[in-house]
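Sequential numbering from 24 applies to the sequence shown in this note's numbering.
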Amino acid sequence: MAEIKCPKCAGPVQFDAGTRFTKCSYCSSQIYIDRSGALFYYAIPFTLSESDAVGTFKRWAGGSTKAKDLDKLAKITKVAKKYFPLYMFRRLIDDREEVLLEPAASTVLPGLHQLKLPGGDLQIFDAQFNTSGAEMVQPDIAMTHYLTTLPGNAKEQSLVYFPIWELEYQFKGNTYHAVVDASSSEVFASTFPIRSSVAYIAVSIAGFFAFIGEGLLATVNLLAGTALMAVTVAAVFVASLYVARRL
Ligand SMILES: [Zn+2]
Numbered sequence: 024m025a026e027i028k029c030p031k032c033a034g035p036v037q038f039d040a041g042t043r044f045t046k047c048s049y050c051s052s053q054i055y056i057d058r059s060g061a062l063f064y065y066a067i068p069f070t071l072s073e074s075d076a077v078g079t080f081k082r083w084a085g086g087s088t089k090a091k092d093l094d095k096l097a098k099i100t101k102v103a104k105k106y107f108p109l110y111m112f113r114r115l116i117d118d119r120e121e122v123l124l125e126p127a128a129s130t131v132l133p134g135l136h137q138l139k140l141p142g143g144d145l146q147i148f149d150a151q152f153n154t155s156g157a158e159m160v161q162p163d164i165a166m167t168h169y170l171t172t173l174p175g176n177a178k179e180q181s182l183v184y185f186p187i188w189e190l191e192y193q194f195k196g197n198t199y200h201a202v203v204d205a206s207s208s209e210v211f212a213s214t215f216p217i218r219s220s221v222a223y224i225a226v227s228i229a230g231f232f233a234f235i236g237e238g239l240l241a242t243v244n245l246l247a248g249t250a251l252m253a254v255t256v257a258a259v260f261v262a263s264l265y266v267a268r269r270l
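In structure tokens, the structure reads:
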């Protein structure tokens with residue numbers, strides 16, 4: 024038998040070696056025991072299915088900053104369902120309670136520093152929790168790693184498993200990664216194929232030089248200069264529209 028302090032009420036909780044889940048006999052909290060001590064574990068249910076996640080990704084890929092036809096040409100090569108752990112720190116900062124999230128596992132996946140807590144959807148993660156086939160990413164960063172640098176005073180800390188879909192896709196011979204938050208539908212990607220901006224730059228440079236020339240002309244002939252400027256504005260507008268539609 025070993026003994027730990029309940030993370031909520033500090034009552035003594037006895038447990039057998041090898042036990043991972045136990046219950047505080049004083050406040051009935053579910054407690055998860057790991058190497059770094061006793062914690063509350065929470066998990067957020069998946070609201071996006073695999074096909075929802077792929078659909079969300081396709082809509083994201085169709086956005087105006089993405090390469091043309093990325094939504095149609097991106098070939099999804101891997102889809103993984105995962106639960107990713109984050110530490111949730113409730114802190115009292117200047118008399119105000121704030122919730123801070125920090126990754127509990129090291130990762131190169133994009134967006135896992137930007138995950139936000141959905142309102143009221145935390146479920147206690149215990150032996151009965153249904154992980155619905157998702158791979159549980161194991162924490163490999165100790166909570167104490169963050170504790171010394173956080174602002175304010177600690178009120179409570181816990182570990183929250185976030186539901187994510189990890190996508191790998193190929194576009195024009197390159198491999199990219201994206202993460203779809205399976206509770207908020209947000210898409211995260213650090214690099215992705217972008218729309219060519221060369222044509223936009225060419226249009227603005229041409230417009231810029233035309234304006235300089237017309238400005239000089241206006242000092243000699245005001246009417247002709249301003250008339251040409253109006254033509255240039257219209258031309259730049261039409262050219263930008265063309266570039267936006269075609270490229
Ligand atoms: Zn307790």
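Just so you know, even glycine gets a beta-carbon here, dropped at the ideal spot from N, CA and C.
- Where H136 is concerned, there is no enclosing beta strand (DSSP E), because DSSP gives it neither an H nor an E.
- Distance between H136 and L62, taken at the CA atoms: about 21 Å.
- For R82, the uninterrupted alpha helix (DSSP H) run begins and ends at E73 to A84, by DSSP.
- Counting of Cβ neighbours within 10 angstroms places D204 among the buried residues, the total reaching 16 or more.
- Between the C-alpha atoms of S48 and T171 there is a straight-line separation of about 31 Å.
- For D92, no beta strand (DSSP E) run applies, since DSSP gives it neither H nor E.
- One alpha carbon belongs to V202, the other to L239, and they sit about 52 Å apart.
- Taking a 10 Å sphere around the C-beta of E189, we find 16 or more other C-beta atoms and assign the residue as buried.
- Distances from the alpha-carbon of T255 to those of Y192, D39, G230 and S155 put G230 closest.
- Under a 10 Å Cβ-count criterion, V160 is classified as buried, with 16 or more other Cβ atoms of the shown protein chains found around its own Cβ.
- The Cβ-Cβ distance between F194 and L96 falls below 8 Å.
- In the three-state reduction of the DSSP assignment, I228 falls in the helix class, which pools H, G and I.
- One residue after another in chain order, those with a Cβ under 6 Å from a heavy atom of ligand 1 are C29, K31, C32, G34, C47, Y49, C50 and S52.
- DSSP places L190 in the uninterrupted beta strand (DSSP E) bounded by N176 to F194.
- Distances from the CA of M24 to each of A157, A257, Q37 and P126 were compared; the closest alpha carbon is that of Q37.
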